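In the working numbering, the protein residues as written are -17 to 578.
Have a look at the structure below before the remarks.
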Ligand SMILES: [Fe+2]
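Encoded structure:
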């Protein structure tokens, strides 16, 4: 039985395919069409999923769409009367959903009647909850979804029991933790779609000086409930307009904060205005306000469900700083966050909700790694080398067996080189997790600046993240709960902060990836080789891209390698090395003795 999940007509469009209760493939459209946050119908993602499962579109049994126009209809109609423009925009999107069968058929050049699939509309947050619970390792768990807005709710929670989830409650528009975070992100001068994580990084530089005011902006009003101080926001009157800017092909969200917020907290920061301590303190206050509300919610949810395991989904589940607090602030002992916790993950959630919730298929699948996207064999890599990397002076290419490959990679990283690491199937979700990563030496304090100057060109306040052997987590971090998808930030042990300065944030934390030997064997071997060489089983891991979606195909990896100042590219079993690397001018000489 083949179930295809499709997240369409919204930023982060994606597709996933489940066959007989097991995930076969999942990918965001942006990786394939190279348009960041791509919306619309994810035709290439669907094509890829069908290739992996070996079926034609006409052979799919069920198609799951994570949007239900009938959900919370009364609330929708009440607000439609107040916000006609917003309602018209929603109606336009709904019309597209109504024609999705025809659009899929047209995209695959078949007639709508030839699609034998039964179509299912899965409510937005039900799909989020399913995306976390049904692929988690837990038989029973509390499940929580929190985001900006979906089907007119911003949060929902449930008790997951085997093949069923019992929905226990929700929070409806206009109250929303996602909108709270986005509104304040805009207020701090970050207007681009998806910049909330930057403000989360900024918060570490400040003190929650304005927390009292923020407790009026967002607050828990009773157990399992939260509210926004609506005077501080404008979306309850105007809606939350999302438009598509054709110039740079990015989604744009209209202003969400009100002039009252500026009256209370001072004028909003202009994007070009330098960041100062006041901005850091505002970001810290915003983060603290979110954490207080979430902590109250986690505690109430644990009490209500009696569970020790928690599954999280929705954009708020990417707040790794808040997630790192769960073990201190609630009785939960185990937490699972799926790698595509945001809206891309809806494709997986909708498909599993159909498989288990609707069709009662037994559970037997755990998502313990993120490698669900396209992979390329050595012939395809060789062809890419022939077409994209013609013999040229200054690049040496070697093909190595696995053991030599991991040893060579570890030696390059330990000697201060910046190494592109392209292996296996690409990651599902926004984080590079050892399939499409750029690696660097965590022991070198200057490595953050070197990565920024030579490749990433990011804001200097943003931290880089470490990948660590799972079994070494206790030696470096004060918490040891697995974080395989970089969705938790833990405090680095004080005595280790000078050992791994490059990925340690200014507040002494790091957004770590714990690497499990069974789930990610090649990456694990490479980090172990680095540990054997240096005594430090940790590498800096940042996404393999340069102001673009993360690379997917070998050709894109080669282009990025050739146009940036990356020193080495490990592409499958091939190692490409630039002999004219730029390491010499960047304080990296004299550090050979770091390598023992
Ligand atoms: Fe969502």
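In this text, a Cβ means the ideal position worked out from N, Cα and C, and glycines have one as well.
None of the values given here were measured: they were computed from a predicted structure.
>> Please state the DSSP three-state secondary structure of residue 109.
In response: Here residue 109 is taken as the residue at index 127 of the chain shown, counted from 1. Helix.
> Which partner residues does residue 256 have in the DSSP bridge list?
Replying inline: Translated into the one-based positions of the chain shown, residue 256 becomes position 274. The partner list for residue 256 (beta bridge, DSSP) is empty, contrary to what the question assumes.
>> Please list the terminal residues of the continuous alpha helix (DSSP H) segment that includes residue 301.
In response: Against the chain shown, residue 301 aligns to sequence position 319. Run containing residue 301: none; DSSP gives neither H nor E here.
>> Am I right that residue 387 and residue 401 are in contact with their C-beta atoms under 8 Å? What's the rounded C-beta distance?
In response: Within the chain shown, numbered from 1, the residue matching residue 387 stands at position 405. Within the chain shown, numbered from 1, the residue matching residue 401 stands at position 419. With 8 Å as the limit, residue 387 and residue 401 do not qualify as a contact, their Cβ atoms being about 12 Å apart.
> To which residues of the same chain is residue 54 closer than 7 Å at the C-beta, ignoring the five residues directly before and after it?
Replying inline: Looking up residue 54 in the chain shown gives position 72. Cβ neighbours of residue 54 beyond the five flanking positions: 133, 134, 135, 154.
> Can you give the Cα-Cα distance for residue 397 and residue 526, rounded to whole angstroms?
Replying inline: What you label residue 397 is simply residue 415 of the chain shown in a count that begins at 1. What you label residue 526 is simply residue 544 of the chain shown in a count that begins at 1. Going from the Cα of residue 397 to the Cα of residue 526 covers about 20 Å.
> Using a Cβ-Cβ cut-off of 6 Å (strictly less than) and excluding sequence neighbours within five positions of residue 269, which residues of its own chain qualify?
Replying inline: Numbered from 1 along the chain shown, position 287 holds the residue referred to as residue 269. Correct list, in chain order: 185.
>> Going by DSSP, what residue range makes up the alpha helix (DSSP H) through residue 389?
In response: As a first step, residue 389 is located in the chain shown; it is residue number 407 there, counting from the start. Note, residue 389: alpha helix (DSSP H), 384 to 396.
> Can you find at least 3 beta carbon pairs, one from the region 56 to 71 and one from the region 6 to 22, that sit closer than 8 Å?
Replying inline: no
> My guess is that residue 46 and residue 102 are in contact by the Cβ rule of under 8 Å, so how many angstroms apart are they, rounded?
Replying inline: Against the chain shown, residue 46 aligns to sequence position 64. Against the chain shown, residue 102 aligns to sequence position 120. Correct: roughly 5 Å between the Cβ atoms.
> Taking the C-alpha atoms as reference points, what is the distance between residue 465 and residue 280?
Replying inline: Your numbering for residue 465 matches position 483 in the chain shown. Your numbering for residue 280 matches position 298 in the chain shown. Straight-line Cα distance between these residues: approximately 19 Å.
> When burial is assigned at 16 or more other CB atoms within 10 Å of the CB, is residue 476 buried or exposed?
Replying inline: Reading the chain shown from its first residue, position 494 is the one you call residue 476. Flag for residue 476 reads exposed.
>> What ranges does the alpha helix (DSSP H) occupy inside the region 7 to 39, keeping only unbroken runs of at least 4 residues that lie completely in it?
In response: 11 to 15, 25 to 35
>> Looking only at its chain, what residues have a beta carbon closer than 7 Å to the beta carbon of residue 2, apart from the 5 residues adjacent to it on each side?
In response: Mapped onto the chain shown, residue 2 falls at position 20. -17, listed in sequence order.
> Does DSSP classify residue 128 as helix, strand or coil?
Replying inline: In the chain shown, counting from the first residue as 1, residue 128 sits at position 146. Note: residue 128 maps to strand in three-state DSSP.
> Which word fits residue 361, buried or exposed, when buried means at least 16 other C-beta atoms lie within 10 angstroms of its C-beta?
Replying inline: Residue mapping note: residue 361 aligns to position 379 of the chain shown, counting from 1. By the 10 Å Cβ count, residue 361 comes out exposed.
>> So for residue 511, helix, strand or coil by DSSP?
In response: Indexing the chain shown from 1 puts residue 511 at position 529. It is helical.
>> Could you tell me the alpha carbon to alpha carbon distance between residue 169 and residue 106, rounded to whole angstroms?
In response: For this step, residue 169 is matched to residue 187 along the chain shown. For this step, residue 106 is matched to residue 124 along the chain shown. Using only the alpha carbons, I get a separation of about 27 Å.
>> Quick check: the region 287 to 298 against the region 107 to 127, are at least 3 beta-carbon pairs closer than 8 Å?
In response: yes
>> Could you check whether the Cβ of residue 152 sits closer than 8 Å to any heavy atom belonging to ligand 1?
In response: For this step, residue 152 is matched to residue 170 along the chain shown. Because no heavy atom of ligand 1 lies under 8 Å away, the Cβ of residue 152 does not count as near it: no.
>> Between which residues of its own chain and residue 211 is the CB-CB distance below 6 Å, once the five residues before and five after are set aside?
In response: Within the chain shown, residue 211 is the residue found at index 229, counting from 1. Closer than 6 Å at Cβ, skipping near neighbours: 198, 199.
> Rounded to whole angstroms, how far is the Cβ of residue -3 from the Cβ of residue 24, which I believe are closer than 8 Å?
Replying inline: In the chain shown, residue -3 corresponds to position 15, counting from 1. In the chain shown, residue 24 corresponds to position 42, counting from 1. Going by Cβ atoms, the distance from residue -3 to residue 24 rounds to 5 Å, so yes, they are a contact pair.
> Ordered along the chain, which non-local residues of its own chain (more than five positions away) have a Cβ less than 6 Å from that of residue 487?
Replying inline: Residue mapping note: residue 487 aligns to position 505 of the chain shown, counting from 1. Answer for residue 487: 186, 445, listed in chain order.
> Within 10 angstroms of its Cβ, does residue 36 collect 16 or more other Cβ (buried), or is it exposed?
Replying inline: Numbered from 1 along the chain shown, position 54 holds the residue referred to as residue 36. So residue 36 counts as exposed.
> For the beta strand (DSSP E) that residue 560 lies in, which residues bound it at each end?
Replying inline: Position 578 of the chain shown holds residue 560. Residue 560 -> beta strand (DSSP E) spans 556 to 560.
> Does residue 242 get closer than 9 Å to chain B when you measure Cβ to Cβ?
Replying inline: As a matter of chain content, chain B is missing from the structure shown, which is built from one protein chain.
> Can you list the beta strand (DSSP E) stretches of 3 or more residues lying completely in the region 428 to 468, in chain order?
Replying inline: 447 to 451
> Of all residues in the structure, which have a C-beta closer than 7 Å to any heavy atom of ligand 1, taken in chain order?
Replying inline: 106, 110, 129, 130, 132, 296, 297, 324, 325, 328
> Where residue 407 and residue 218 are concerned, what is the direct C-alpha to C-alpha distance, given to the nearest angstrom?
Replying inline: Against the chain shown, residue 407 aligns to sequence position 425. Against the chain shown, residue 218 aligns to sequence position 236. Their Cα atoms are separated by approximately 42 Å.
>> What would DSSP say about residue 102, mapped onto helix, strand or coil?
In response: For the purposes of this step, residue 102 is taken as the residue at position 120 of the chain shown. The answer is strand: DSSP assigns residue 102 an E or B state.
> Start and end of the beta strand (DSSP E) containing residue 143?
Replying inline: Start at 1 with the first residue of the chain shown, and residue 143 comes out as number 161. Start and end: 135 to 143.
> CA-CA distance, residue 579 and residue 436?
Replying inline: Summary: the structure shown does not reach residue 579, with the chain confined to residues -17 through 578, and so no result is reported for it.
> How far does the alpha helix (DSSP H) with residue 334 in it reach, from first residue to last?
Replying inline: Along the chain shown, read from residue 1 onward, the residue named residue 334 stands at position 352. Residues 328 to 334.
> Can you list the alpha helix (DSSP H) stretches of 4 or more residues lying completely in the region 346 to 383, in chain order?
Replying inline: 360 to 370, all fully within the region 346 to 383.
>> Threshold first: 4 residues or longer. Then list the alpha helix (DSSP H) segments lying entirely within the region 512 to 546, N to C.
In response: 536 to 545
>> At the level of alpha carbons, what is the spacing between residue 353 and residue 126?
In response: Position 371 of the chain shown, counting from 1, holds the residue named residue 353. Position 144 of the chain shown, counting from 1, holds the residue named residue 126. Straight-line Cα distance between these residues: approximately 24 Å.
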